[in-house]
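In terms of this note's numbering, the sequence shown opens at residue 271 and continues consecutively. Glycine residues also receive a C-beta, built at the ideal position from the N, C-alpha and C atoms. Keep in mind the model is a prediction, meaning the values are calculated, not measured. Notes follow once the structure below has been shown.
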Amino acid sequence: METKNYSSDSGFILLGLSSNPQLQKPLFAIFLIMYLVTVLGNVLIILAIHSDPQLHTPMYFFLSNLSFMDICFTTVTVPKMLVNLLSETKAISFVGCLVQMYFFIAFANTDSYLLASMAIDRLVAICHPFHYNRVMNPRRCLLMLLGSCTISHLHSLLRVLLMSRLSFCASHVIKHFFCDTQPVLKLSCSDTSSSQIVVMTETLAVIATPFLCILFSYLRIIVTVLRVPSAAGKWKAFSTCSSHLTVVALFYGSVIYVYFRPLSMYSVVKDRVATVMYTVVTPMLNPFIYSLRNKDMKRGLRKLRDRIHS
């Protein structure tokens with residue numbers, strides 16, 4: 271009997287966060303509000319940075335690009351999820367699934383490299399303050415941004431090319447709210463062992479690089495700050511890193527939990543919760559984390575508010 275390939279015939283069905291019909295509308299309202307808050311908050315961060323000349327520094331250059339990536343990151347998954355919450359079919363084509371997967375991976379990885387760039391910025395500012403302007407010059411910052419985007423998109427392209435070669439011959443129901451790698455691999459009737467090895471190895475290299483960069487940067491920062499004689503000086507140095515460290519902990523904590531485990535340990539419910547954390551919650555919280563704990567951002571937002579009202 272011929273095996274039917276669902277990937278080319280009928281695409282996939284995105285099961286979503288819950289199959290309970292009574293939860294669809296409440297979930298729609300919750301995630302719509304979260305998405306709007308995410309977009310509005312990150313747009314305000316971008317406008318505040320670009321409208322205040324005092325915020326035209328490497329740190330805020332990376333922060334404005336992080337905010338832009340967060341908007342793109344959530345837009346890849348949340349609008350489709352919102353549509354599916356009010357739809358009976360919840361369908362996505364095979365090509366649409368691969369496109370969503372491509373941009374999701376690309377924007378997620380760009381986020382991680384931007385977080386690493388911000389850690390390097392803090393390292394140079396605290397450990398080598400007299401060389402800061404020379405090291406973190408506009409040209410180098412732009413190259414770091416372009417390098418982050420290039421590496422991320424090449425990684426995403428390789429991942430999607432591997433997925434496009436698989437066959438899906440049984441169920442075509444993805445037990446997730448978007449086309450993530452692990453739930454899609456679970457549906458394949460192809461031998462995915464080689465794909466898993468390549469994905470895990472390449473993902474480890476791409477994601478571990480910025481993470482190790484962040485770790486190394488903060489180890490250097492801690493060693494330098496501990497040498498500062500006054501407690502006030504130590505607190506001032508650490509306070510400039512607190513917002514960034516909070517975002518790093520939220521982002522990498524959930525990413526490591528979801529992706530750095532064998533496919534056999536994949537848990538639908540637990541992974542949905544962890545994925546919501548870094549795809550929806552973290553991008554929504556970033557503007558609050560960076561604005562509420564940052565005097566420069568507060569000043570920039572006040573100037574933006576006054577400019578809008580004038």
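Opening and closing residue of the beta strand (DSSP E) in which residue i lies
{"i": "F282", "result": "282–284"}
Beta-carbon proximity of residue i to residue j, cut-off 9 Å
{"i": "K445", "j": "L355", "result": "no"}
{"i": "L333", "j": "L574", "result": "no"}
{"i": "V322", "j": "G570", "result": "Checking the sequence, you will find Asp at residue 322 rather than Val. Cβ atoms of D322 and G570: closer than 9 Å."}
{"i": "M554", "j": "G523", "result": "no"}
{"i": "T510", "j": "T347", "result": "no"}
{"i": "L384", "j": "S418", "result": "yes"}
{"i": "G585", "j": "F558", "result": "With the chain covering only 271 through 580, there is no way to say anything about residue 585."}
{"i": "I484", "j": "A507", "result": "no"}
{"i": "N556", "j": "V498", "result": "no"}
{"i": "C449", "j": "L368", "result": "yes"}
{"i": "T471", "j": "S422", "result": "no"}
{"i": "F447", "j": "T308", "result": "no"}
{"i": "L415", "j": "S387", "result": "yes"}
The alpha helix (DSSP H) enclosing residue i, as first and last residue numbers
{"i": "S321", "result": "291–321"}
{"i": "K445", "result": "Where K445 is concerned, there is no enclosing alpha helix (DSSP H), given that its DSSP letter is neither H nor E."}
{"i": "L583", "result": "The structure shown does not extend to residue 583, since the chain is modelled only from 271 to 580, so the question has no answer here."}
{"i": "R575", "result": "565–579"}
Cut-off 8 Å between Cβ atoms - residues of its own chain near residue i, not counting five sequence neighbours on either side
{"i": "L496", "result": "K504"}
{"i": "K360", "result": "I283, L284, L285, G286, N354"}
{"i": "P349", "result": "Y305"}
{"i": "V394", "result": "H401, Y402, V405, M406"}
{"i": "V313", "result": "S337, I341"}
{"i": "L325", "result": "A318, I319, D566, M567, G570"}
Proximal residues to residue i (C-beta, below 7 Å), its chain only, five neighbours per side dropped
{"i": "L297", "result": "L287, S288, L355"}
{"i": "S460", "result": "L436, S437"}
{"i": "A378", "result": "F343"}
{"i": "Y560", "result": "I315, L333, S513, M567"}
{"i": "D391", "result": "P328, M329, F332, M406"}
{"i": "S441", "result": "L457"}
Integer Cβ distance of residue i from residue j, believed to fall under 8 Å
{"i": "L302", "j": "L336", "result": "So it is not a contact: roughly 23 Å between Cβ atoms."}
{"i": "K281", "j": "S363", "result": "It should be noted that the sequence gives Gly, not Lys, for residue 281. Their Cβ separation, rounded to whole angstroms, is 4 Å, which keeps G281 and S363 in contact under 8 Å."}
{"i": "V430", "j": "Y372", "result": "5 Å"}
{"i": "A376", "j": "S434", "result": "In fact, because the Cβ distance is near 16 Å, the residues do not count as touching under 8 Å."}
{"i": "C397", "j": "T494", "result": "5 Å"}
Residue-chain proximity (residue i, chain B), Cβ-Cβ < 9 Å
{"i": "F438", "result": "No chain B appears in this structure, which consists of one protein chain only."}
Contacts around residue i, its chain only, beta-carbon distance under 6 Å, and the 5 residues preceding and following it disregarded
{"i": "M271", "result": "Reliability of the predicted coordinates at M271 is poor, the pLDDT of 38 falling under 50, and the value obtained from them is presented with this limitation in mind. So the list is empty, once near-sequence residues are dropped."}
{"i": "V525", "result": "Y548"}
{"i": "K274", "result": "Caution is warranted here: a pLDDT of 45 is assigned to K274, below 50, making its placement in the model unreliable, and the coordinate value is therefore given only provisionally. Nothing listed; no residue qualifies."}
{"i": "K408", "result": "Looking at the sequence shown, residue 408 is not Lys but Pro. If we look at P408 and ignore the five residues flanking it on each side, it has no Cβ neighbours."}
{"i": "V443", "result": "I283, L285"}
For this session: For the segment 343–423, list the alpha helix (DSSP H) runs that are entirely contained and at least 4 residues long, ordered along the chain.
Result: 364–397, 402–405
For this session: Mind listing, in chain order, the continuous alpha helix (DSSP H) runs of no fewer than 4 residues lying wholly within the segment 486–553?
Result: For the segment 486–553, whole alpha helix (DSSP H) runs of length 4 or above, ordered along the chain, are 501–529, 538–546.
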